[in-house]
Structure formats: C-alpha cells, structure tokens
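Asks:
Residue numbers (this note's numbering): 734 to 1228.
1. Taking residue 945 and residue 1015 to be in contact with their CB atoms under 8 angstroms, please state how far apart those CB atoms are, rounded to whole angstroms.
2. When you compare only the Cα positions, how much space is there between residue 1216 and residue 846?
3. Classify residue 1211 as helix, strand or coil using the three-state DSSP reduction.
4. Less than 7 angstroms between C-beta atoms, sequence neighbours within five positions excluded: which residues of the same chain meet that for residue 992?
5. Can you list, in chain order, the stretches of the alpha helix (DSSP H) that have 4 or more residues and sit fully within the stretch 1037-1119?
6. Take residue 921 and list the residues in its own chain whose beta-carbon comes closer than 6 angstroms to its own, dropping the five residues that flank it on each side.
7. Got a sec, what are the start and stop residues for the alpha helix (DSSP H) residue 1154 sits in?
8. When you compare only the Cα positions, how much space is there between residue 1192 and residue 1163?
9. Nearest-angstrom Cα distance between residue 1104 and residue 988?
10. Taking the alpha carbon of residue 1088 as the point to measure from, which residue in 1099, 1124, 856 has its own alpha carbon closest?
11. Go through its chain and collect everything with a Cβ distance to residue 1116's Cβ below 6 angstroms, but skip five positions before and after it.
12. Which value, in whole angstroms, describes the spacing of the CA atoms of residue 972 and residue 1020?
13. Looking at C-beta atoms only, is the number of pairs between the stretch 875-884 and the stretch 853-860 that lie closer than 8 angstroms three or more?
14. Less than 6 angstroms between C-beta atoms, sequence neighbours within five positions excluded: which residues of the same chain meet that for residue 1041?
15. Any idea what DSSP makes of residue 1201, helix, strand or coil?
16. I'd like the ranges of any alpha helix (DSSP H) spanning at least 4 consecutive residues and lying wholly in the stretch 834-881.
17. Using a threshold of 8 angstroms, state whether the C-beta atoms of residue 858 and residue 900 are closer than that.
18. Are residue 1108 and residue 978 touching if we call contact CB-CB under 8 angstroms?
19. Give the single residue among 959, 1170, 1027 whose Cα lies nearest to the Cα of residue 1114.
20. Near residue 1058, which residues of its chain fall below 6 angstroms by C-beta distance, leaving aside the five closest residues on each side in sequence?
21. Cβ of residue 1007 within 8 angstroms of Cβ of residue 1039?
22. How would you call residue 1129, buried or exposed, if buried means at least 16 neighbouring beta carbons within 10 angstroms?
23. Using the Cα positions of residue 1060 and residue 1084, report the straight-line distance between them to the nearest angstrom.
24. Rounded to whole angstroms, what is the Cα-Cα separation between residue 744 and residue 919?
25. Should residue 898 go down as buried or exposed, given a rule of 16 or more other Cβ atoms within 10 Å for buried?
26. I'd like the ranges of any beta strand (DSSP E) spanning at least 3 consecutive residues and lying wholly in the stretch 974-1028.
27. If we count Cβ pairs, one from each stretch, closer than 8 angstroms, do we get three or more for the stretch 1165-1185 versus the stretch 1196-1211?
28. Assuming residue 691 contacts residue 943 under a Cβ cut-off of 8 angstroms, what Cβ separation, rounded to an integer in Å, is found between them?
29. Since I believe residue 842 is in contact with residue 1219 (beta carbons under 8 angstroms), could you give me their beta-carbon distance rounded to a whole number of angstroms?
30. Determine which residues share a DSSP beta bridge with residue 898 and list them.
31. Within this structure, are the beta carbons of residue 969 and residue 940 separated by less than 8 angstroms?
32. Which one of 1054, 1173, 981 has the shortest CA to CA distance from residue 1222?
33. Distance check for residue 924 and residue 888, CA to CA, integer angstroms please.
34. Looking at C-alpha atoms only, which residue of 869, 1199, 984 is the closest neighbour of residue 1094?
35. How would you call residue 985, buried or exposed, if buried means at least 16 neighbouring beta carbons within 10 angstroms?
36. Using the DSSP secondary-structure output, state which residues sit across from residue 962 in a beta bridge.
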C-alpha cells in the first residue's frame, strides 16, 4: 500500500512517499528527517535546482501507522514554511537572527565507599563534560531546528565506576565519549489564547513519567512530543522509542528487567497553575510492561511557606507479569506517598518531609521502581530520592534539609534521611547525613557558574538484592558507608 502526499508551492513540487509492508520498527525515527532534511531540500529548490524528496517507511502494523501518523503532520505542515523562504530571506529572518549557541562545561566527581553486599566496594568516577547547545529561531514564526553536542573526558575512575553514571563502560573499561544528544525539529503556533509546540527527533524530556538526569552529560530520548497551554492550564504528551543514557554515546532500546525489548513509552501530563497552587497529574506506560499514574501538588501559604504532596502508583502489565520473581521489584502494584513543607525565614531554607512506600513482594522485600524500564529515567520528586534506598515495602522515611545563605551567593546546609521497616520481626534501619555547599556568584561575568560540594556518612544493612543478610544468630548485619560529590558547572553564550 502506498500513501503519496504532494505539497506544491509555485513551480517546485515535493513528494513524500510512504510504503507499508515488512517491519514494525524504525517509524518514529524518520520524523526528524521530514523536518531537518526538508530544510536542505528546500534550500536546494530556492537555488533553482530540481529535486524530489522521497521518504520510504516500512511497517507491518496498521496500529503502528495510526500511532505515528501525527508525526508526519508536523513535517508536512512545515514544508510550505521552508519553501516560502529564499536563502536571502532565511539569512535575514528570525531563524538566523534569533538563533543562539551556548557552551557549557560540567566537571563532576562522585565517590562512594560501601559494604552493602558483605564486602567493601569503592565506586568512584571523575569526568569533564562539554556541551554545545544550538537553538534556532523560527522561519515564518513557525518552524525551526535545535541540536546539542555532548562530550565527556575521563579524568579518573575506580574499578567500580559504572554506578556513578559519569563515564562510558567500554567492555569493563572506563572511557570518555561524545555524541549528538539532541537533534530535533520544532514548530509552534498561537491561536485565540492557545499556544502550542511540537517537537520531533532526539530531545531532552522532563514530561509525564519521564525525566532527564544530568551528570557530565544528560540522557535524551528519540520520539515526538508536544504541548498546549491555555490560561492556567497546560497539556503535554510524548511518544518515544529509543534513548541515549547519560553515561553512553549509544542509542539503545528500552528493556525489561530481564532484558526483553520494550517498543515504546508514551506519556503525558496535565497541569493547573495559579499564584498559590499548582496541581500536576501525570500518566505513562512502557508498552506491555508498566503503567504509572502520579499526582504532584504544591500549595503556597505565603511567600515564605509552602506545602508539597507527591503520589506515584505503578501497576504491572503482561511483560512484567511474565518475568521470573527474582527479576521483579514487586508483585503487582507499588505506591509511593510523600509530603513536605518548605519554609524560608530570612536567610534560612528549611524543608522537612515524610515518605511511605507500599511494594509487596511475596519472595523478598519489594521496592518501588523509579524508572519505567531499563534505559529510561522516571519522574520522581519525593524527598526520598536517593539511589535505591528509602523506597522498600512498608518503609517509613523522615527527610530533612536545612540551608543557610551566608551571603546572597553562598549557601551551606545539611541533608539527612532516616528510614525504617520491619523484616521477620526485626526493625531494619538505614540513614545518611550530608553536609553541602553551593556557590552561585551574582557577578555578571560569572552569572552561570555554580560550584557544589557534598559529603557525609551513611548506615544501612547488608543485603542480597533487597533482602537483608542475617548472621548466624538471625540478626541483620549492619554496614557503614561514606560518600562525597564535587561539581562545577559553567555556561555562557557564544552568540
């Protein structure tokens, strides 16, 4: 079956040919070609050279075609906008005049000495990250292209470096890497008070159940996304089928815990925001694996006092249910509940919180999974965010963060967590205490510089997976840890 779309503008004629037939994958990945390649094609047309642009897509599923057909709408709608502009017009347009290029540097060191598996392990990695972020303006106030380059240089690494998420694991050896992490077409529109944006390609995402995590480089996703805003409301949606992790140049598929492929993740969120209240509902599904609902609330009582609530609920689907028990985080459902308060009297910032998790597992201690799959990063804004700790079944956690601005530019503070739950009649405890500093100079010359340090001890239990290890008397073994982190970020505009 052929679907032929013809777009005519004056004398040139552009053709996009779509064929359905053999395979199911590779569909969403061509979306950026429609926009990005389209730019160069129309540039050739404007120089008087004739060319036909034919894009071939193969799929064995009408369902997939339906899912991605809106991808082509953005690309096709963008063609006249490119075609209407000559080379001279492009040079003088907002596409060029409003474009920008920023250089960022990110030096990060993360260290952890722990004995959770019964022996001491040192996890350490140090890398220097470099980013180049290009943002175009919009041709005809409608369509543009953005791109980002990420490079990471290895400075130091221990044998157990991979857990720090900084350096590339090249067959067991730590190394640097580089990649084009973002490359996407964008379009915007505004009508009767409604504003919208559409994106297609590789992009940073903090939307719905997906988020981006930054170390020396960030993780990015390939797919399509968009948003609509009206008055106090905002709706966002995304469909992604591949990712590139923050410590790797590779473009990879989403995977289950036992290594089976997940074709896609789709997600969205709806937000209402006023001066004193914000409500965000989020939903997402990693195809046939996990489904998540979430609710985040913020209520501002006044300029110095605010309250927060986060609720996340995860249910299983067929691919998860078919895994063997040892690969599962929980049986059939997992929930995490959190409340917090932020108080800012004078130069102080004080934030206490309480968190609770339900994640029953028949054979072992269950835990709430932050992420929707391997090779994705999950939205999780509870104060209990700390690796895999503090999210075990029936675990109660008290969190506390307190900072003081010694000067308008320099913040010093403490951050601590204390969690506890029962296992075979024993109370299992874990906790940590960290001291941190943050310097963000207000000088115009150093406006985008920040230096962050953190260090502190921790205490937890020895475990196999998530199950505590007992000594010969049936007493759960305890272990201590020590961690520190150092980070320098600086960013400036080249143009």
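We put the CB at the ideal spot given by N, CA and C, even for glycine.
Replies: Straight from the coordinates:
1. Not really, about 15 angstroms apart at Cβ, beyond 8 angstroms.
2. Put simply, the backbone Cα of residue 1216 is about 6 angstroms away from that of residue 846.
3. DSSP places residue 1211 in strand when its eight states are reduced to three.
4. Cβ within range, chain order: n/a, list empty.
5. Those alpha helix (DSSP H) runs which fall completely within the stretch 1037-1119 and span 4+ residues are 1051-1054.
6. Counting only Cβ-Cβ distances below 6 angstroms, and skipping sequence neighbours, we find 930.
7. Note, residue 1154: premise wrong, no alpha helix (DSSP H); beta strand (DSSP E) at 1143-1156.
8. In a straight line, the C-alpha of residue 1192 is about 5 angstroms away from that of residue 1163.
9. Their Cα atoms are separated by approximately 11 angstroms.
10. Nearest C-alpha to residue 1088: 1124.
11. Closer than 6 angstroms at Cβ, skipping near neighbours: 1073, 1086, 1132.
12. C-alpha separation (whole angstroms): 11 angstroms.
13. No, they do not touch.
14. Same-chain partners within the cutoff: 1031, 1073.
15. Note: residue 1201 maps to strand in three-state DSSP.
16. The qualifying runs do not exist here; there are none.
17. Going by C-beta atoms, residue 858 is nearer than 8 angstroms to residue 900.
18. With contacts defined as CB atoms closer than 8 angstroms, residue 1108 and residue 978 qualify as a contacting pair.
19. With respect to the C-alpha of residue 1114, the residue from 959, 1170, 1027 having the closest C-alpha is 1027.
20. The residues are 1096.
21. With a cutoff of 8 angstroms on beta-carbon distance, residue 1007 and residue 1039 are scored as not near each other.
22. Looking at its Cβ environment, which holds fewer than 16 other Cβ atoms inside 10 Å, residue 1129 is exposed.
23. Taking the straight line from one Cα to the other gives about 35 angstroms.
24. Here the model assigns residue 744 a pLDDT of 37, short of 50, so the residue's position is not dependable and the matter cannot be decided.
25. So residue 898 ends up on the buried side.
26. Entirely contained in the stretch 974-1028, the beta strand (DSSP E) runs reaching 3 residues are, in chain order, 998-1006, 1010-1019.
27. The answer is no - the stretch 1196-1211 does not touch the stretch 1165-1185, with fewer than three Cβ pairs under 8 angstroms.
28. This structure leaves residue 691 out entirely; the chain is present only between 734 and 1228.
29. With a Cβ gap of about 4 angstroms, residue 1219 and residue 842 count as contacting.
30. DSSP output for residue 898 lists no bridge partner at all.
31. Note that the C-beta distance between residue 969 and residue 940 is below 8 angstroms.
32. When each option's Cα is compared against that of residue 1222, the closest is 1173.
33. So the alpha carbons of these two residues sit roughly 51 angstroms apart.
34. Nearest of 869, 1199, 984 to residue 1094, Cα basis: 1199.
35. Counting every other CB atom within 10 Å of its CB across the protein chains shown gives residue 985 a total below 16, marking it as exposed.
36. 928, 967.
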